[in-house]
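Protein chains in written order, with the numbering used here: chain S, 1 to 193; chain B, 1001 to 1168. Notes to accompany the following structure.
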Amino acid sequence: MAAHEGDRSGALQWAADVRAARGGNPSAFEALVRSVQRPVYGLCLRLLRSEAESAEVAQETFLRAYQNLGKYDESRPFDLWVLAIARNLCLDVLRRRQKHSPDPIDDLKDTLPSGETGAEERAIQQQERMSLEAAVSTLPPEDREVLALYYVQKRTTKEIASVMGVAPGTIMARLFRAREKLRKLMPKEEVPS
Amino acid sequence: MTETPCPELEQLFNDLEAGHGPALDHSKGCEACKALLEEHRQLEKDLYRLADPLPPPDLVHKVMAAVAKQPRPLGAEVRVGLTILLAAGLLAVLSLLGTGVGAGTFGTQLASYLIDARAVIAAVGRALLSLWQAAGIAVASGSLVVLVVSLLSLRKLSQSPAAREAQV
C-alpha cells in the first residue's frame, strides 16, 4: 500500500512538473531530469559500455524529451517514457558501431557500483559483483538491457515491456535466457549468501 | 523406480512461474534440476544487489544548458501577453470608474471617445497621405529601419538569462 501511495504521489509530481515545463518553467524540467537521471544513465551505460558515450546519449535523451514534451502522454509514467527514448538512442549508437570497427570498451568493473554492506563481507561481495558485472557486460545488448531493467532497476515485466516495445509475456522468457547465459559464464564456486 | 529425463530448462522455469507442472514435479525428485534451480536462485540474488551507477555530476547542468538554447514554447508567450493586455485593460476601466464617473457616465464617455477617435483617425490618415505624397520613400525607409532595429532589440531582450549565459 505504501509503495502504491509513493508511486501515485511520484506520478502526480511528475504530471505537475511536466505541465509546468510545457509552460516554459525550466526549474520544473530540471526537477524531472534529476528524478530520472540515474536510471537513464544506468541503462545507457549497460547498453553502450562506455561512460563518455553514455553521458552524451543521456544528455541527448533529455533534450529529446524536452523537445517532445508536448507529445508526452501523462497517463504513462514519465520515467518509462524517457527510458524508452534513451533505449532507442542507445540502439542507434549500437547499430552505428556495428558498421565500424568495435571501439575498446571501458572497463566497467571500476565504474559500476557495489551495494552498501560492510567490512570484509563488502570486499568479498565487491569481488563477486565485479565478476558478475564483467559477465553481464559480455552478454548481447538485449540481454544486458532486460537484466538491468528487471534486477537493477526493479521494474515490473509490464514496465519493461513498455520500454522495450514488446509483449509483456515475453519478458520472463527473455530474463530466463539471459540468466542462463550468465550462469554458464559465472565460475562455479560456493557463494556465501 | 523409473527415472524421467530432465525437462528443458525453459519448461522448468515456466512451470516454476506457474507454480505447477510436470517439469516442476520432476525437479522435486531430481538432484540435478534442484541444483540448477538453486544456481539460478543464487544468481538472481546477486543480480538484485547490482546498482545503477551515479551519473556524471555535470549531466543536469549540461542538459539545462542545451534546453536553454531551445526556443520557448509559443503558448507561454501568448498567455503572458494576453494576461498583460487584460490586466492593462482592467486597470484602465477601474481607474475610469474610480474617478467617480460611474458606469452609466462611463458608457457615454466611451461612446463620445470613440466618435472623437474616428475624427482623429481620419485626420491622422489625411496627414499621413500628405506626408507620403511629399516624401514617401524617405519616410518608409526610415520607418522600416526603426522597426527592424526595434524588433532585433526586443528579441535580444526576450532571451532568458540562461540562454545568454550559455552563449557566453
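Each residue gets a CB set at the ideal place from its N, CA and C atoms; glycine is no exception.
- In terms of CA proximity to PRO1005/B, PRO1022/B leads the group GLU1017/B, PRO1022/B, PHE1013/B.
- Taken atom to atom, the span from the alpha-carbon of VAL146/S to that of GLY165/S is near 12 Å.
- Counting only Cβ-Cβ distances below 7 Å, ALA1066/B has contacts in chain S at GLN59, LEU63, in chain order.
- Contact with chain B is found for GLY42/S, since one of that chain's Cβ atoms lies less than 8 Å from the residue's Cβ.
- At least one C-beta of chain B is nearer than 8 Å to the C-beta of GLU180/S.
- In the displayed model, LEU45/S falls within a helix according to three-state DSSP.
- Proximity of chain B to LEU147/S at the Cβ level (cut-off 7 Å) is accounted for by LEU1047, in chain order.
- Using a CB distance below 7 Å, the part of the stretch 1006 to 1032 of chain B facing chain S consists of LEU1009, GLU1010, PHE1013, GLU1017, ordered along the chain.
- Put simply, the backbone Cα of PHE1106/B is about 20 Å away from that of LEU1085/B.
- For GLU60/S, the enclosing alpha helix (DSSP H) starts and ends at 51 to 67.
- The beta-carbon of PRO77/S is placed no less than 8 Å from the nearest beta-carbon of chain B.
- With respect to chain S, the C-beta atom of LYS1062/B has a partner C-beta closer than 8 Å.
- THR1083/B and ALA148/S have their C-alpha atoms some 48 Å from each other.
- In the same chain as ALA20/S, and ignoring 5 residues on each side of it, the C-beta atoms closer than 7 Å to its own belong to ALA28, in chain order.
- Here the stretch 135 to 145 of chain S makes no contact with the stretch 1029 to 1046 of chain B; the two share fewer than three CB pairs at distances below 8 Å.
- Neighbours of VAL33/S in chain B, taken as residues at a C-beta separation under 9 Å, are given in chain order as LEU1059, VAL1060, VAL1063, MET1064, VAL1067.
- Secondary structure of GLY165/S (DSSP, three-state): coil.
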